[in-house]
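Protein sequence lines, in the order shown, are assigned to chains A and B.
Note that this note's numbering has the first sequence beginning at 346, numbered continuously upward.
Note that this note's numbering has the second sequence beginning at 346, numbered continuously upward.
Protein chains: 2
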Amino acid sequence: MSQNAQQHSQDRKRGSGVRLVYDVLRDEIISLSLPPGSPVDENQLAERFQMSRTPIREALVRLAGDGLVTTLPNRSTVVSNIDFLSLPAFFDAITLMYRVTTRGAARHRSDQDLERIREHQAAFAEAVKSQDAMAMIATNRDFHAAIAEAGRNPYYATLFSRLLDEGRRLLRLYYSSYADQLPQEFVTEHEQMIDAIARRDLDAADRIAAIHADQIVRQIQTLISEDRRDQIGL
Amino acid sequence: MSQNAQQHSQDRKRGSGVRLVYDVLRDEIISLSLPPGSPVDENQLAERFQMSRTPIREALVRLAGDGLVTTLPNRSTVVSNIDFLSLPAFFDAITLMYRVTTRGAARHRSDQDLERIREHQAAFAEAVKSQDAMAMIATNRDFHAAIAEAGRNPYYATLFSRLLDEGRRLLRLYYSSYADQLPQEFVTEHEQMIDAIARRDLDAADRIAAIHADQIVRQIQTLISEDRRDQIGL
DNA sequence: CCTATCCAATGTGTCGACAAAAAGGATGCG
DNA sequence: CGCATCCTTTTTGTCGACACATTGGATAGG
């Protein structure tokens with residue numbers, strides 16, 4: 346699906362091909378436009394993007410490094426599955442990253458960081474206001490990624506981004522139908538977070554981040570168990 | 346340096362080339378056999394490993410994903426530098442990972458995990474006994490990686506491995522000269538760690554891991570500041 | 001003598017093609 | 001009629017070659 350055409354032929358710059366393919370595929374995977382398990386065919390992509398298989402392969406190698414696709418040797422590459430067995434590990438890790446990045450932001454933020462964070466929060470509030478679930482998920486991710494940036498710890502920021510992306514896949518899996526979730530509560534929690542970061546109050550930032558993480562984890566768990574019940578009911 | 350010859354020509358299996366190059370280069374980078382900043386030439390590697398540039402490039406892309414090499418567009422690829430400015434972030438992250446992986450191991454370990462951990466600890470003790478600094482560093486890494494495995498959280502295990510590898514590079518930078526460091530203290534701390542994990546005592550595991558991390562961080566800091574003094578003295 | 005421009009040389013990014021490996025279907029046997 | 005085997009087809013892994021970008025040196029100008 347989504348056989349969006351690329352620019353016609355040979356007008357792209359020298360190193361841009363890989364980046365383009367990587368970005369597009371990454372987005373399609375995260376947005377579930379490419380559902381987990383779908384095969385990723387190199388020839389098909391080569392034709393779609395009007396380029397040789399070489400840059401395609403490089404993009405796939407990088408996506409595999411991010412864990413977004415899984416390469417079966419001598420066999421096809423597929424979009425990585427969402428592993429429900431390791432959900433507890435996921436919840437554990439993302440909760441910890443919420444905490445340390447927010448705490449780090451409270452400690453290391455510059456004024457410019459704060460401004461950027463506020464911009465993302467505005468975008469998030471806007472998405473909530475207009476009931477756009479997909480936009481909520483995306484802007485929420487950007488908001489927390491900006492906080493992680495302000496925390497000045499690339500190790501945390503990298504892991505957190507990865508976790509947030511996986512969370513995006515998870516949420517999309519459930520939010521596509523009933524799009525009025527993600528309560529106003531999240532907006533106010535975000536505001537409290539910003540306050541704590543602005544005041545450089547490490548403990549408050551940590552505390553509200555933990556609460557926020559719990560909130561999100563519980564929501565995902567609720568969605569999943571509800572879904573399970575439905576499936577059993579069939 | 347180290348122009349180790351590979352097996353002659355075309356007797357390697359189909360998907361093994363990339364893995365081989367990746368593993369060899371990774372080891373040479375971590376062991377500082379390839380010092381930070383050294384250029385990584387694709388043609389040169391292609392000749393050295395007796396294969397085309399394609400699998401070489403794929404290995405380099407993966408190494409770049411691990412942060413071990415840095416690719417300058419249209420220019421050479423170089424072994425990533427050790428960034429001393431982000432050392433505080435490194436210390437922060439590795440301390441946290443020491444704690445959560447050890448705590449996780451105390452919670453989720455199987456008996457088999459415990460056995461594996463003890464084996465690695467034996468190897469570490471052996472290295473300490475024989476005053477082999479390089480072996481200490483390597484076996485210490487394996488010991489903690491095994492604990493991380495037992496913690497059953499792939500996110501933590503991945504980040505921790507990466508941090509331990511960077512730590513290996515850091516330590517090698519200083520240990521090459523005076524090789525009698527890494528006191529017996531570390532061995533006993535490891536033993537305490539194993540005890541806590543065996544008893545499934547989460548808090549004790551956390552506590553001893555934090556102490557252990559502090560120990561290591563302080564040691565690295567000492568080495569660096571000593572080294573700085575020497576350099577200024579020249 | 002110093003500086004700016006041009007040119008050659010080196011090395012990366014991309015391409016099309018070939019070969020090995022696996023998947024799926026056809027065929028023969030029990 | 002079911003099952004194993006062979007073959008065909010599809011797709012990946014690897015190769016050698018070419019085109020562009022950058023670098024460093026040579027040359028001309030100030």
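Yeah, the Cβ is synthetic: ideal placement off N, Cα and C, and Gly gets one too.
Residues of chain A whose Cβ lies closer than 9 Å to the Cβ of B/R444 do not exist, since the nearest Cβ in that chain is about 10 Å away.
In the DSSP secondary-structure assignment, B/T415 is bridged to B/V423.
Runs of alpha helix (DSSP H) with 4 or more residues, each lying fully within the stretch 481 to 563 of chain A, are found at 499 to 520 and 529 to 543, listed in chain order. Within the stretch 481 to 507 of chain B, R497, N498, P499, Y500, Y501 and L504 place their CB atoms closer than 7 Å to a CB of chain A, listed in sequence order.
Within the same chain, and ignoring the five residues on either side of B/I375 in sequence, the residues whose Cβ sits closer than 7 Å to its Cβ are D510, R513 and R514. The alpha-carbon separation between B/S397 and B/V406 amounts to approximately 15 Å.
Residue ranges of uninterrupted alpha helix (DSSP H) with 4 or more members, entirely inside the stretch 434 to 484 of chain B and ordered along the chain, are 456 to 474. Proximity of chain B to A/G512 at the Cβ level (cut-off 7 Å) is not reached, the minimal Cβ distance being about 12 Å.
Contacts with chain A (Cβ-Cβ distance below 9 Å) from the stretch 375 to 398 of chain B involve no residue at all. In this model, B/L568 and B/Y519 are separated by some 7 Å (Cα to Cα). Contact note: B/G410 reaches chain A through V406, R407, A409, G410 and D411, using a C-beta cutoff of 9 Å and chain order. The criterion of a C-beta distance shorter than 8 Å is not satisfied by B/V363 and B/A391. Per DSSP, A/S376 is not a residue of any alpha helix (DSSP H), being assigned neither H nor E. Taking a Cβ-Cβ cut-off of 9 Å, the neighbours of B/S431 in chain A comprise R497, N498, P499 and Y500, given in sequence order.
Taking a 10 Å sphere around the C-beta of A/L417, we find fewer than 16 other C-beta atoms and assign the residue as exposed.
When rounded, the separation of the alpha-carbon atoms in B/V424 and B/G410 is 12 Å. Assigned with DSSP and collapsed to three states, B/P400 falls in helix.
The secondary-structure analysis by DSSP pairs A/V385 across a beta bridge with A/T422. Here the alpha carbon of A/R454 sits roughly 14 Å from the alpha carbon of A/P499.
Interface annotation, A/G362: not in contact with chain B, CB-CB separation never under 8 Å. With respect to the 8 Å criterion, B/R448 and B/D368 are not classified as neighbours on the basis of their beta carbons.
By the neighbour-count definition (other C-beta atoms within 10 Å, threshold 16), B/A491 is a buried residue.
The CB of A/D437 comes closer than 7 Å to the CB of N498 in chain B, given here in chain order. For B/F435 against B/L508, the beta-carbon gap comes to about 7 Å, under 8 Å, which counts as contact. Between B/E536 and B/H557, the C-beta gap is not smaller than 8 Å, which leaves the two residues out of contact. For B/P418, the closest Cβ of chain A is nearer than 8 Å. For the C-beta of B/L441, the chain A residues within less than 7 Å are, from N- to C-terminus, V445.
The Cβ atoms of A/N419 and A/G382 lie no closer than 8 Å to each other.
Relative to the Cα of A/L377, the nearest Cα in the group A/D546, A/M479 and A/A468 belongs to A/M479.
One Cα belongs to B/I439, the other to B/R461, and the distance between them is close to 22 Å. In this structure, the beta-carbon distance from B/D437 to B/A450 does not fall below 8 Å. Assignment of A/D428 by DSSP, reduced to helix, strand and coil, places it in the coil class.
In this structure, A/L379 and A/E373 form a Cβ contact; the two beta carbons are roughly 5 Å apart against a cut-off of 8 Å.
Ranking B/I561, B/A502, B/R517 and B/A543 by CA distance to the CA of B/E530 puts B/I561 first. Between A/R359 and chain B, the shortest Cβ-Cβ separation is below 8 Å. In the structure shown, the three-state DSSP call for A/Q395 is coil.
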